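Participant: Residue numbers (the numbering used here): 461 to 713. For each residue, glycine too, the CB sits at the ideal point set by N, CA and C. Computed from a predicted model, the values in this text were never measured in an experiment. Quick one: the structure is below, and I'll ask about it shortly.
See the structure below:
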């Protein structure tokens with residue numbers, strides 16, 4: 461929390477000096493932040509709601525403690541409804557109609573990839589709380605978009621790294637003999653993590669016996685389960701949302 465407050469304080473200072481409106485903001489002592497998450501739709505239960513609660517809790521705590529550098533945060537909350545177009549529309553409404561100084565939140569990388577460029581073009585600050593896909597920032601040279609955590613490719617690399625250390629002691633299989641299947645939803649989130657999986661698997665000499673992406677909205681993954689059974693991997697690395705993850709992990713599959 462202390463680190464978060466320090467970083468946010470730095471952003472507040474940057475925002476105050478940006479855009480030629482420092483005098484007005486200094487008088488009002490209010491920082492308008494637009495917070496966008498998926499409060500409904502499949503992504504809500506998949507993790508977006510939890511991130512939304514955490515963001516609101518942090519904002520409330522900061523305001524209760526007097527704000528940051530004398531500025532209170534005035535949040536406006538919006539529901540992206542687990543849809544890319546709704547997320548973009550809500551962001552545009554926040555920026556153009558509500559007049560927020562900064563956008564925060566968003567859970568889905570599929571929403572953040574197109575939205576990051578839009579916000580950056582308007583020279584507004586965008587603080588990404590989740591959206592871990594490498595595609596959100598990689599080689600895009602965005603100046604007003606920030607993400608304070610590691611990206612999905614790095615998350616993906618950790619799984620084979622862990623397996624390289626424990627496959628012999630826990631599974632009785634040397635890392636070079638370990639057979640992996642990599643499956644993932646085919647949006648920016650799943651693709652980014654899966655690329656990290658594959659990259660690290662090759663580094664440790666593991667065999668990738670099957671790799672496949674699928675739509676997160678698919679109602680049936682029985683054909684993929686059949687392919688996995690044929691490939692007979694020792695480990696399945698699966699990057700998914702809800703409810704698609706249950707289509708593979710449910711009993712009987």
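If I'm right that residue 454 touches residue 493 with Cβ under 8 Å, what's the distance once you round it to whole angstroms?
Facilitator: Residue 454 falls outside the range modelled here, since the chain spans only 461 to 713, and no answer is possible.
Participant: Assign residue 610 to buried or exposed, taking buried as 16 or more other Cβ atoms, counted over all protein chains shown, within 10 Å of its Cβ.
Facilitator: Locating residue 610 in the chain shown gives position 150, counting from the first residue. Exposed: under 16 other Cβ atoms inside 10 Å.
Participant: So the candidates are 638, 616, 615; which of them puts its Cα closest to the Cα of residue 626?
Facilitator: The sequence position of residue 626 within the chain shown is 166, counting from 1. The option with the nearest alpha carbon to residue 626 is 638.
Participant: What are the residues that DSSP puts in a beta bridge with residue 537?
Facilitator: Mapped onto the chain shown, residue 537 falls at position 77. DSSP, once it has assigned bridges, lists 495 as partnering residue 537.
Participant: Quick check on DSSP: helix, strand or coil for residue 609?
Facilitator: Residue numbering aside, residue 609 sits at position 149 when the chain shown is read from its first letter. Note: residue 609 maps to coil in three-state DSSP.
Participant: Looking only at its chain, what residues have a beta carbon closer than 7 Å to the beta carbon of residue 668, apart from the 5 residues adjacent to it on each side?
Facilitator: Residue numbering aside, residue 668 sits at position 208 when the chain shown is read from its first letter. The answer, listed in chain order, is 640, 642, 658, 661.
Participant: Rounding to the nearest angstrom, what Cα-Cα distance links residue 666 and residue 701 in this structure?
Facilitator: Along the chain shown, read from residue 1 onward, the residue named residue 666 stands at position 206. Along the chain shown, read from residue 1 onward, the residue named residue 701 stands at position 241. Cα to Cα, the separation comes out at about 26 Å.
Participant: Pick out the complete beta strand (DSSP E) segments inside the stretch 593-647, 3 residues or longer, and give them in chain order.
Facilitator: Segments of the beta strand (DSSP E) lying fully in the stretch 593-647: 639-645.
Participant: How is the beta strand (DSSP E) around residue 563 delimited, first residue to last?
Facilitator: Stepping through the chain shown from its first residue, residue 563 is reached at position 103. Unbroken beta strand (DSSP E) run through residue 563: 562-565.
Participant: When DSSP labels each residue in this structure, what does residue 582 get in the three-state scheme?
Facilitator: If you number the chain shown from 1, residue 582 lands on position 122. Residue 582 falls in the coil class under three-state DSSP.
Participant: State buried or exposed for residue 521, treating a residue as buried only when at least 16 other CB atoms are found within 10 Å of its CB.
Facilitator: Within the chain shown, residue 521 is the residue found at index 61, counting from 1. The residue in question, residue 521, is exposed, as its Cβ has fewer than 16 Cβ neighbours within 10 Å.
Participant: If you draw a straight line from the alpha carbon of residue 690 to that of residue 636, how long is it in whole angstroms?
Facilitator: Within the chain shown, numbered from 1, the residue matching residue 690 stands at position 230. Within the chain shown, numbered from 1, the residue matching residue 636 stands at position 176. Going by the C-alpha atoms only, they are around 20 Å apart.
Participant: What number of angstroms, rounded off, separates the C-alpha of residue 687 from the C-alpha of residue 694?
Facilitator: Looking up residue 687 in the chain shown gives position 227. Looking up residue 694 in the chain shown gives position 234. Those two C-alpha atoms are separated by around 14 Å.
Participant: Residue 668 bridges to which residues according to DSSP?
Facilitator: In the chain shown, counting from the first residue as 1, residue 668 sits at position 208. The partner list for residue 668 (beta bridge, DSSP) reads 640.
Participant: DSSP on residue 673, reduced to helix/strand/coil?
Facilitator: On the chain shown, residue 673 is found 213 positions in, with the first residue counted as 1. Note: residue 673 maps to strand in three-state DSSP.
Participant: I need the straight-line Cα distance from residue 706 to residue 537, nearest angstrom please.
Facilitator: Looking up residue 706 in the chain shown gives position 246. Looking up residue 537 in the chain shown gives position 77. Computed Cα separation, rounded: 30 Å.
Participant: State the CB to CB distance for the pair residue 567 and residue 503, rounded to an integer number of angstroms; the pair is presumed to be in contact (CB under 8 Å).
Facilitator: Numbered from its first residue, the chain shown carries residue 567 at position 107. Numbered from its first residue, the chain shown carries residue 503 at position 43. That pair is a contact at about 6 Å.
Participant: Mind checking whether residue 654 and residue 590 have CB atoms under 8 Å apart?
Facilitator: For the purposes of this step, residue 654 is identified with residue 194 of the chain shown, where counting begins at 1. For the purposes of this step, residue 590 is identified with residue 130 of the chain shown, where counting begins at 1. No, these two residues do not count as a Cβ contact at 8 Å.
Participant: Could you give the distance in angstroms between the alpha-carbon of residue 673 and the alpha-carbon of residue 514?
Facilitator: Residue numbering aside, residue 673 sits at position 213 when the chain shown is read from its first letter. Residue numbering aside, residue 514 sits at position 54 when the chain shown is read from its first letter. Going by the C-alpha atoms only, they are around 30 Å apart.
Participant: According to DSSP, residue 490 sits in a beta bridge with which residue or residues?
Facilitator: For the purposes of this step, residue 490 is identified with residue 30 of the chain shown, where counting begins at 1. In DSSP, residue 490 forms a bridge with 532.
Participant: Would residue 575 and residue 533 qualify as a contact pair, given that the criterion is a beta-carbon distance under 8 Å?
Facilitator: As a position in the chain shown, residue 575 is number 115, starting the count at 1. As a position in the chain shown, residue 533 is number 73, starting the count at 1. Not in contact: residue 575 and residue 533 (Cβ atoms no closer than 8 Å).
Participant: How far does the beta strand (DSSP E) with residue 555 in it reach, from first residue to last?
Facilitator: As a first step, residue 555 is located in the chain shown; it is residue number 95 there, counting from the start. Counting along the chain, residue 555 falls outside any beta strand (DSSP E), and DSSP gives it neither H nor E.
Participant: My output table needs one value for residue 515: the three-state DSSP class, helix, strand or coil.
Facilitator: As a working note, residue 515 is residue 55 in the chain shown. In the structure shown, residue 515 sits in a helix (DSSP, three-state: H, G or I).
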